[in-house]
Amino acid sequence: FPECDFSYWCCNNFQNMSSGAADLRQRKKQNCTESDKMAPEERNKENSKLGRSPKYMLIQRFAKLFFGCLAAVTSGMMYAVYLSTYHERKFWFSSRQELEREITFQGDSAVYYSFYKELLKAPSFERGVYELTHNNKTVSLKTINAVQQMTLYPELIASVLYQASGSEVFIEPVYFYIGIVFGLQGIYVTALFVTSWVMSGTWLAGMLTVAWFIINRTDTTRIDYSIPSRENWALPYFACQVAALTGYLKKNLNCSAEKFCYLLVSASTYTFMMMWEYSHYLLFVQAVSLFLLDSFALAQTEKVHEVYKIYLFSLFLGYLLQFENSTLLVSPLLSLVAALMLSRCLQVNMKKGTFMSKLVKIMYIYLVLTVTVTLNFLLKMFVPHKENEHLLKFIEVKLGLNTTKNFTMNWLLCQESLQAPSQDFFLRLTQSSLLPFYILVLIICLFSVTQVIFRRICGEPLKETVKLEDGRIGERPEIVYHVIHTILLGCLAMCLEGMKYLWTPYVCMLAAFGVCSPELWMTLFKWLRLKAVHPILLALILSMAVPTIIGFSLWKEFFPRIMTELSELQEFYDPDTVELMTWIKRQAPVAAVFAGSPQLMGVIKLCTGWMVSSLPLYNDDDLLKRNENIYQIYSKRSAEDIYKILTSYKANFLVIEDSICNEVGHVRGCRVKDLLDIANGHVVCEEGDSYAHSKHGRFCHEIKMNYSPYVNYFTRVYWNRSYFVYRINTVISFQS
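Taking my numbering, the leading residue of the sequence shown gets 2, the next gets one more, and so forth.
Structure follows, in structure tokens:
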């Protein structure tokens with residue numbers, strides 16, 4: 002690299018960098034029609050040199066596009082069929098009764114599907130929406146806007162489609178619901194296919210992306226465990242947005258293709274934001290990636306700022322249609338985009354060549370970060386919001402900045418998805434050869450991007466068209482974006498295992514693009530300075546041979562496993578839960594309120610429709626407090642204390658789960674009863690040892706003994722091997 006001293010760097014090179022960025026902006030402002038006319042002329046000249054007619058090239062391009070699209074759509078459809086077949090084999094869904102099918106929805110999934118059922122039972126769609134927005138039949142003593150609080154737009158769309166299409170004649174509601182989710186997963190895979198295809202130029206990369214995605218399904222999706230979860234509805238739209246954004250960032254894109262990509266980015270960004278309550282955090286990570294891409298003048302500034310405008314429009318429209326959701330106003334995405342817009346205005350108003358413009362350019366990143374933090378702080382001060390405070394507390398404890406005995410915080414910290422990823426995760430990615438190739442591709446791209454940034458600092462402009470023989474893959478803005486994006490998502494995945502479902506799909510895509518891209522191999526050969534073999538020829542050969550070898554090895558090793566998985570009949574049957582739900586529907590009063598663990602309450606709400614005292618949702622502080630209070634039935638507290646807690650929520654029946662009461666966890670200290678003992682001060686730690694002390698026995702054990710004072714407060718009305726149901730006595734019964 003050329004050496005340049007400090008004075009030259011400060012006084013001249015940033016001036017060249019600014020002029021280079023201006024050149025990029027000037028190229029963007031050229032007439033689209035002129036570029037569309039010039040591109041065919043240049044291609045015709047090149048084809049005439051090679052002895053090819055324009056008609057022949059048109060047929061070749063059409064065939065490539067047709068077979069690529071056919072492969073992408075086929076891959077998505079086959080993946081959706083694969084999920085449906087696996088789901089049927091796992092749960093024997095078609096041979097189950099409705100109650101047994103509904104029990105397969107656990108936790109928050111049961112809550113989401115229960116509202117879908119309520120919408121279908123409503124006399125009209127408008128009435129169903131009104132009942133959801135003014136819901137007082139789900140949680141006792143609480144009226145909630147379920148559509149806003151639980152992001153029920155997927156259920157609204159599914160119910161409208163089910164009724165409008167007349168599907169009730171030939172398909173059951175549950176099959177229609179899970180069919181939509183499986184179809185979206187097919188779109189997810191197709192979008193990843195297209196992204197890798199657009200980046201590499203060959204649909205062979207898309208095929209390899211799909212293969213890695215399916216083989217590493219345990220780490221790429223949670224569809225097996227939680228079909229109705231919000232991320233399964235939202236992430237396919239985000240994948241479509243990323244695919245469109247990849248095409249939008251490409252250089253020398255014709256006008257019609259650019260408009261199509263822009264519209265697709267706009268539509269998918271807004272839809273993604275409406276489907277998932279945490280979508281704006283993921284879009285914030287994407288915005289940071291685009292900000293870094295623009296800061297080093299590696300992309301057309303106008304394109305990047307058009308994406309920022311899409312963020313603003315989606316936030317504003319989402320705020321209005323989500324019942325004035327103030328969380329979007331205090332989101333870091335809004336603060337960052339506003340800071341970027343403000344910083345751009347300052348740059349535009351500065352005269353070129355002045356000392357202040359150079360200073361602003363040097364301090365650009367610091368300026369944006371400072372303004373972002375300040376704006377976010379001011380918005381949170383002046384905008385009334387109900388942003389989840391427990392998330393901030395969780396981050397403090399997770400980073401070791403604070404300690405707590407709070408039950409909810411410690412319970413969240415004990416969740417597997419919120420812990421650091423295990424070694425098994427990296428072992429699985431390595432066994433499928435995904436991780437080694439991803440690291441190789443990432444290193445090559447990262448070094449190439451570093452080279453390009455250094456050249457830009459030293460005043461060398463970017464090439465308008467990067468050719469294969471140049472070996473400069475780091476000058477392609479869409480590649481740089483994906484490198485930054487996967488690094489940021491990877492950092493999050495290294496902290497929280499649940500983030501791997503956001504990171505691993507794009508690891509599959511980037512690794513497949515790299516091994517199938519001649520440009521990446523050419524970049525490597527440029528560094529190695531190969532002379533024995535022509536580097537372009539070798540790059541073309543390796544871009545075909547390496548993915549072919551990988552594909553055959555994956556086929557040989559993993560295809561038999563997948564076929565065995567589909568042919569193996571599994572059995573999911575929970576007779577105790579079926580008996581409990583049947584008893585509730587037959588014996589419990591219609592106005593009864595049930596109390597118990599939030600996960601079980603979600604199933605009771607779905608299967609019976611009875612009102613419950615808590616729900617397995619963790620985005621509301623009041624519900625979190627309810628969950629903590631009702632979990633006290635597994636603590637060492639008196640019968641009178643538990644009775645007061647339950648009657649404060651108007652509960653009539655209490656359900657105790659033997660699996661929680663007698664839980665034997667792999668990690669001692671993460672069991673529910675251990676966390677309750679810590680929160681209630683019933684555990685004393687001295688010299689590394691913990692001692693339990695309480696004048697009361699554990700409630701869930703003591704109540705089974707049927708002695709006073711427990712029988713005065715509670716009467717056992719039903720039990721089986723897993724559940725014990727107690728009627729909470731009235732005050733008159735207590736006095737007697």
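In this text, a Cβ means the ideal position worked out from N, Cα and C, and glycines have one as well.
For the options Ala72, Met500 and Ser709, the alpha carbon positioned closest to that of Glu641 is the one of Ser709. For Tyr719, the enclosing beta strand (DSSP E) has its first and last residue at Phe715 to Trp720. DSSP places Tyr282 outside any beta strand (DSSP E); the residue lies instead in the alpha helix (DSSP H), whose first and last residues are Ser280 to Ser296. Non-local C-beta neighbours of Met582 in its own chain, meaning closer than 8 Å and more than five positions away in sequence, comprise Leu100, Ile104, Val604, Ile605, Cys608 and Thr609, ordered along the chain.
Glu307 carries a helical assignment under DSSP once its states are collapsed to helix, strand and coil.
Secondary structure of Ile228 (DSSP, three-state): coil. In this structure the segment 138 to 152 touches the segment 111 to 124; the number of beta carbon pairs closer than 8 Å is three or more. Relative to the Cα of Ala421, the nearest Cα in the group Leu493, Lys705, Leu489 and Glu232 belongs to Leu493.
Boundaries of the alpha helix (DSSP H) around Tyr189: Pro174 to Ser201. Residue burial is scored here from C-beta neighbours: Lys65 has fewer than 16 other C-beta atoms within 10 angstroms and is therefore classed as exposed. The beta carbon of Ser296 lies closer than 7 Å to those of Tyr365 and Ile366 in the same chain, with the five residues before and after it left out. Annotation for Gly248: Val199 and Cys262 place their beta carbon closer than 6 Å to its own, counting only its chain and skipping 5 residues before and after. Runs of alpha helix (DSSP H) with 4 or more residues, each lying fully within the segment 68 to 124, are found at 99 to 104 and 109 to 122, listed in chain order. Following the DSSP letters along the chain, one finds Arg429 inside the alpha helix (DSSP H) bounded by residues Gln424 to Gln432.
In the DSSP annotation of this structure, the continuous segment of the beta strand (DSSP E) that includes Val594 starts and ends at Val594 to Ala596. Using a C-beta cut-off of 8 Å, the segment 285 to 305 makes contact with the segment 485 to 503, since at least three inter-stretch Cβ pairs fall below that distance. Within the model, the alpha-carbon separation for Thr221 versus Asn653 is close to 42 Å. When the beta-carbon positions are compared, Asp577 and Arg722 come within less than 8 Å of each other. Gln600 and Glu658 have their C-alpha atoms spaced approximately 11 Å apart. Judged by DSSP secondary structure, Val579 falls within the alpha helix (DSSP H) whose first and last residues are Pro576 to Gln588. For Ile454, no beta strand (DSSP E) encloses it; the enclosing alpha helix (DSSP H) starts and ends at Leu435 to Ile458.
When rounded, the separation of the alpha-carbon atoms in Val286 and Arg345 is 20 Å.
With contacts defined by Cβ atoms closer than 8 Å, Gly515 and Val442 form a contacting pair. Taking the CA atoms as reference points, Val112 sits about 12 Å from Met612.
With the rule of 3 Cβ pairs closer than 8 Å, the segment 326 to 337 counts as touching the segment 311 to 318. The count of Cβ pairs closer than 8 Å, one atom from the segment 627 to 645 and one from the segment 592 to 599, reaches three, so the stretches are in contact.
Secondary structure of Met364 (DSSP, three-state): coil.
Beta-bridge partners of Arg728 (DSSP): Phe654 and Thr716. Relative to the Cα of Lys252, the nearest Cα in the group Gln424, Pro478, Glu89 and Glu278 belongs to Pro478.
Annotated as proximal: Gly207 and Ala72, with beta-carbon spacing under 8 Å. Closest in alpha carbon position to Lys705, among Cys256, Leu655 and Met510, is Leu655. With respect to Ile188, Pro237 sits close: the two C-beta atoms are nearer than 8 Å. Cβ atoms of Cys415 and Trp213 stay farther apart than 8 Å, at about 31 Å. Sequence-distant Cβ neighbours of Leu368 in its own chain, meaning closer than 6 Å and more than five residues away, are Ser344. Of the residues assessed, Tyr309 falls on the buried side of the cut-off, its CB having 16 or more other CB atoms within 10 angstroms. DSSP links Val140 through a beta bridge to Val613.
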